[in-house]
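A.B. asks: For reference, the structure I am asking about is given below.
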Amino acid sequence: MKEIHDFTILERRQLGESYFSLVLGHGGMMQHIAPGQFVELQVEGEPKVMLRRPISIHDVDEKEGTMTLLIQIVGNGTRRLAELKEGDKLNVVYPLGHGFSLDLAAGSRAVLVGGGAGTAPLLHLSKVLKAKGVDCTIILGGRTESLIPVRDAFAAYGRLCIATDDGSLGHHGLVTQHPAFGEHYDMVYTCGPTPMMKAVARSAAERGLRCEVSLENMMACGVGACLCCVTDTDQGHRCVCKDGPVFDISTLKKWYQC
Amino acid sequence: MLNVNIHNLKLKNPVMTASGTFGYGEEFADFIDLNRLGGFVVKGTTGSHREGNPYPRMVETPSGMLNSVGLQNGGVEKFCSAVYHRIKHLDTNIIVNVSGSSIDEYCSVAEQIDALEHIPAIELNISCPNVKCGGMGFGTSPDMAAQVVSAVRKVYHKTLIVKLSPNVTSIAEIAKAVEGAGADSVSLINTLLGMAIDIERRRPFMANVTGGLSGPAVKPVAVRMVWQVAHAVKIPVVGLGGICTAEDAIEFMMAGATAIEVGTANFIDPAVTIKIIDGMDQWCKKHGISDINEIIGII
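Laid out in structure tokens, this is it:
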């Protein structure tokens, strides 16, 4: 069930110049959050910002009743959110959208391909998959080392591979050029810049691999009411907020082929 | 205390939601008790399925937003056969926003909605700025507006609310024309036509180039138009445009609105409608007002 709740910022960490993370809790039980779901945050104190900002959920600690958000500073809204301090309150609508499919058997192989801020939902996903006994390979990419905001946390949940455009860390090249990407998997998950996700989707489609992508778009309502955040699917326009953000590429041929 | 009437429509309070901002109500059922609303207006419904405009479809602007959704909806048959049966049990007024590209289409949709027992009213949308054919084209000339309303009036027998466009020289003139053609009420304002440019990419933010402005930015324009229309017609006026708080709602009622609709504010706070209802109740108590009707049109 979705709810509106005031959370307290329990921890704030700056991750390089353009990323930060917030750990949020409200002292009680949270709603169940599936990997790939997102929140909408109310941004206060910034006159240019009226609408909530959709942010994917990076990690969930069900026992502690906390969630972690990994946020990239891109505009007025996220810049204002970056000014928040530990102890500040944040009004959150959550959990929104439908997340990644988790119907993989123990022992099956999954690859999680992330780029930039798109690495955010993959941490929660890899944690849940590992608990199910899925063998995860996590490939994270970025233009340069400092633009891959979170790396080490992934190592606990699978084989971690890095690719950078400038060769500053890991494989020198794109995530789709990483040797681990060419292996066989039962499932490919991806979240990151659109050109990266399209390349991952095309490769998965060519190899006949099941693949899910997590899309991003400008949003208003976050619950499928306003129809502002649509994407082209093979069934016509669908809301990224409600029908996604995670889509199976079998419904997105028009999207990844162009 | 908060009860108001729009023609035959009895509202437990003046608070409704604006078409296109509240889906079919279901999207907000986790956040609020829909039965507490005076009513809600479901999204624009057309004769057949519409995919709407290409995207990007929205951009945030100072104290508001532009949208160019373009009436994406599943069509009237899908509404009648599927959506209606999921929401008809609700104890509130469910109003269908009826849109079209021709007089025939408006009439055909209205006729099909007329047959639905639990839909007591329609809001005839002659003011959508985001569709090429029809929409606002019917709402910017008094003659055209009167033609479509009188045609729909012949086939629709329940409460007929006509939603007016602010993108006109004299909204009072349009309001008088639709009153004369048989409308039971008018609602205003639909969005103001606007545009925003991404200067770095040197192109408009929205694929449709122009879109409709909503949110607090339009509120003073809406209050002025509600006041003008309320003085020009005898039928009840439903006011909307940037309402976010109980105080905003009361301002519209003083300007002449019998009921109000909450739109863009639903995106900022999905439970805002209930806060507005409770806030109006408290405001009345604080000011010793036993019947909200006392403040309608006092300006």
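Respectively, the protein sequence lines represent chains A and B.
If you read the first sequence in the numbering used here, its first letter stands for residue 1, the second for the next number, and so on.
If you read the second sequence in the numbering used here, its first letter stands for residue 259, the second for the next number, and so on.
Quick reminder that beta carbons are idealized off the backbone N, C-alpha and C, glycines included.
These figures come from a predicted structure and were not determined experimentally.
(1) Val354(B): which of Asp362(B), Ile361(B), Tyr342(B) and Ala507(B) sits nearest, CA to CA?
(2) With 9 Å as the C-beta to C-beta threshold (strictly closer), list the residues of the stretch 224-249 of chain A near chain B in chain order.
(3) Taking Cβ positions only, does Val341(B) come closer than 7 Å to chain A?
(4) So the candidates are Gly395(B), Ala513(B), Met453(B) and His347(B); which of them puts its Cα closest to the Cα of Glu552(B)?
(5) Just to confirm the assignment: which complete alpha helix (DSSP H) runs, minimum length 4, are found wholly within the stretch 390-422 of chain B?
(6) Is Gly322(B) near Leu498(B), with beta carbons less than 7 Å apart?
(7) Please list the terminal residues of the continuous alpha helix (DSSP H) segment that includes Cys386(B).
(8) Counting only the same chain and skipping the five closest in sequence on each side, list residues whose C-beta sits under 8 Å from that of Gln87(A).
(9) Gly283(B) CB to nearest chain A CB: under 7 Å?
(10) Just tell me which of Leu169(A), Ala155(A) and Leu112(A) has its CA closest to the CA of Thr176(A).
(11) So, do the stretch 446-462 of chain B and the stretch 377-396 of chain B have three or more beta carbon pairs nearer to each other than 8 Å?
(12) Please say whether Pro54(A) and Gly99(A) have beta carbons closer to each other than 7 Å?
(13) Grab the span of the beta strand (DSSP E) containing Val49(A) for me, first residue to last.
(14) Quick check on DSSP: helix, strand or coil for Cys365(B)?
(15) Let me see if you follow: with CB-CB separation under 7 Å, is Asp536(B) close to chain A or not?
(16) How many angstroms separate the CA atom of Gly332(B) from the CA atom of Pro320(B)?
(17) With distances taken from CA atoms, which of Leu227(A), Ala204(A), Leu174(A) and Met30(A) is nearest Gly65(A)?
(18) Should Asp442(B) go down as buried or exposed, given a rule of 16 or more other Cβ atoms within 10 Å for buried?
(19) For Lys2(A), decide whether its Cβ has a neighbour in chain B, counting only Cβ atoms nearer than 7 Å.
(20) How would you write the range of the beta strand (DSSP E) that Val92(A) sits in, first residue to last?
(21) Mind checking the stretch 46-79 of chain A against chain B and listing, in chain order, the residues whose C-beta falls within less than 8 Å of any C-beta there?
(22) Taking Thr275(B) as the reference, which of Met316(B), Trp541(B), Pro494(B) and Ile534(B) has the closest Cα?
(23) Looking only at its own chain, which residues have a Cβ that is under 6 Å from the Cβ of His237(A), when we skip the five neighbours before and after it?
(24) Distance, Cα to Cα, Ser423(B) vs Ser359(B)?
(25) Report the option in Thr279(B), Pro314(B) and Ser306(B) whose CA atom is closest to the CA atom of Phe298(B).
(26) May I have the straight-line CA-CA distance separating Cys228(A) from Trp485(B), to the nearest angstrom?
(27) So what's Thr119(A) in DSSP terms, helix, strand or just coil?
(28) Under the rule that 16 or more other beta-carbon atoms within 10 Å means buried, what is Gly107(A), buried or exposed?
(29) Can you pull the DSSP bridge partners for Arg308(B)?
(30) Can you find a CB in chain B that lies within less than 7 Å of the CB of Met218(A)?
(31) Taking 7 Å as the threshold (beta carbon to beta carbon), is Cys258(A) in contact with chain B?
(32) Checking 7 Å against the spacing of the C-beta atoms, do Asn91(A) and Asp6(A) come in under that value?
(33) So, with DSSP's three-state summary, where would you put Asn261(B)?
(34) Rounded to the nearest angstrom, what separates Ala37(A) and Leu69(A) at their Cα positions?
(35) Please classify Met1(A) as buried or exposed, where buried requires at least 16 neighbouring CB atoms within 10 angstroms.
(36) Within 8 Å, do at least three Cβ pairs link the stretch 136-149 of chain A to the stretch 77-85 of chain A?
C.D. replies: For this structure:
(1) The sequence position of residue 354(B) within the second sequence is 96, counting from 1. Among Asp362(B), Ile361(B), Tyr342(B) and Ala507(B), the Cα nearest to that of Val354(B) is on Tyr342(B).
(2) Per Cβ criterion, the list reads Gly224, Ala225, Cys226, Leu227, Cys228, Cys229, Val230, Thr231, Asp232, Gly236, His237 and Lys242.
(3) Here residue 341(B) is taken as the residue at index 83 of the second sequence, counted from 1. With 7 Å as the cut-off, Val341(B) does not count as an interface residue toward chain A.
(4) In the second sequence, residue 552(B) corresponds to position 294, counting from 1. If we check each option's Cα against that of Glu552(B), Ala513(B) comes out closest.
(5) Listed in chain order, the complete alpha helix (DSSP H) runs (minimum 4 residues) inside the stretch 390-422 of chain B are 394-397 and 400-413.
(6) Against the second sequence, residue 322(B) aligns to sequence position 64. Against the second sequence, residue 498(B) aligns to sequence position 240. Result no, Cβ atoms of Gly322(B) and Leu498(B) do not sit closer than 7 Å.
(7) As a first step, residue 386(B) must be located in the second sequence, where it is residue number 128. Careful: Cys386(B) lies outside any alpha helix (DSSP H) and carries neither H nor E.
(8) Translated into the one-based positions of the first sequence, residue 87(A) becomes position 87. This sequence places Gly at residue 87(A); Gln is not what is there. Around Gly87(A): Thr8 and Ile9.
(9) Mapped onto the second sequence, residue 283(B) falls at position 25. No, its Cβ sits nowhere closer than 7 Å to a Cβ of chain A.
(10) Position 176 of the first sequence, counting from 1, holds the residue named residue 176(A). Between Thr176(A) and the set Leu169(A), Ala155(A) and Leu112(A), the nearest pair of CA atoms involves Leu112(A).
(11) Touching, yes.
(12) Translated into the one-based positions of the first sequence, residue 99(A) becomes position 99. Translated into the one-based positions of the first sequence, residue 54(A) becomes position 54. Cβ distance not < 7 Å, so Gly99(A) and Pro54(A) don't count as in contact.
(13) The residue given as residue 49(A) occupies position 49 in the first sequence. No beta strand (DSSP E) contains Val49(A), which DSSP labels as neither H nor E.
(14) On the second sequence, position 107 is the one that residue 365(B) refers to. The answer is helix: DSSP assigns Cys365(B) an H, G or I state.
(15) Within the second sequence, numbered from 1, the residue matching residue 536(B) stands at position 278. By the rule that beta-carbons nearer than 7 Å mark a contact, Asp536(B) does not touch chain A.
(16) Position 74 of the second sequence, counting from 1, holds the residue named residue 332(B). Position 62 of the second sequence, counting from 1, holds the residue named residue 320(B). About 32 Å.
(17) Here residue 65(A) corresponds to residue number 65 of the first sequence, with the count starting at 1. Comparing Cα-Cα distances from Gly65(A) to each of Leu227(A), Ala204(A), Leu174(A) and Met30(A), the minimum goes to Met30(A).
(18) Position 184 of the second sequence, counting from 1, holds the residue named residue 442(B). Buried, since its Cβ has 16 or more Cβ neighbours within 10 Å.
(19) For the purposes of this step, residue 2(A) is taken as the residue at position 2 of the first sequence. Residue-level contact check: Lys2(A) touches chain B, since one or more beta carbons of chain B fall below 7 Å from its beta carbon.
(20) Position 92 of the first sequence, counted from the start, is the residue given in the question as residue 92(A). Per DSSP, Val92(A) is one residue of the beta strand (DSSP E) stretching across Lys89 to Leu96.
(21) So the close ones are Pro47, Lys48, Val49, Met50, Leu51 and Arg52.
(22) For the purposes of this step, residue 275(B) is taken as the residue at position 17 of the second sequence. When C-alpha distances from Thr275(B) are compared across Met316(B), Trp541(B), Pro494(B) and Ile534(B), the shortest belongs to Ile534(B).
(23) Along the first sequence, read from residue 1 onward, the residue named residue 237(A) stands at position 237. Result list for His237(A): Val230, in chain order.
(24) Position 165 of the second sequence, counted from the first residue, corresponds to residue 423(B). Position 101 of the second sequence, counted from the first residue, corresponds to residue 359(B). Going by the C-alpha atoms only, they are around 16 Å apart.
(25) Numbered from 1 along the second sequence, position 40 holds the residue referred to as residue 298(B). Nearest option by C-alpha distance: Thr279(B).
(26) Stepping through the first sequence from its first residue, residue 228(A) is reached at position 228. Stepping through the second sequence from its first residue, residue 485(B) is reached at position 227. If I take the Cα positions, the gap works out to 31 Å.
(27) Against the first sequence, residue 119(A) aligns to sequence position 119. Note: Thr119(A) maps to helix in three-state DSSP.
(28) Stepping through the first sequence from its first residue, residue 107(A) is reached at position 107. Around the C-beta of Gly107(A), fewer than 16 other C-beta atoms lie within 10 Å, and the residue is accordingly described as exposed.
(29) In the second sequence, residue 308(B) corresponds to position 50, counting from 1. Arg308(B) is bridged to Asn331(B).
(30) In the first sequence, the residue the question calls residue 218(A) occupies position 218. The C-beta of Met218(A) comes closer than 7 Å to at least one C-beta of chain B.
(31) As a working note, residue 258(A) is residue 258 in the first sequence. So no, Cys258(A) is outside the interface.
(32) The sequence position of residue 91(A) within the first sequence is 91, counting from 1. The sequence position of residue 6(A) within the first sequence is 6, counting from 1. Closer than 7 Å, so yes.
(33) Here residue 261(B) is taken as the residue at index 3 of the second sequence, counted from 1. Correct three-state label for Asn261(B): coil.
(34) The count along the first sequence starts at 1 and reaches residue 37(A) at position 37. The count along the first sequence starts at 1 and reaches residue 69(A) at position 69. In the sequence under discussion, the amino acid at residue 37(A) is Gln, which differs from the Ala named in the question. Distance between the alpha carbons of Gln37(A) and Leu69(A) is about 11 Å.
(35) On the first sequence, position 1 is the one that residue 1(A) refers to. Exposed, by the Cβ-count rule.
(36) Touching, no.
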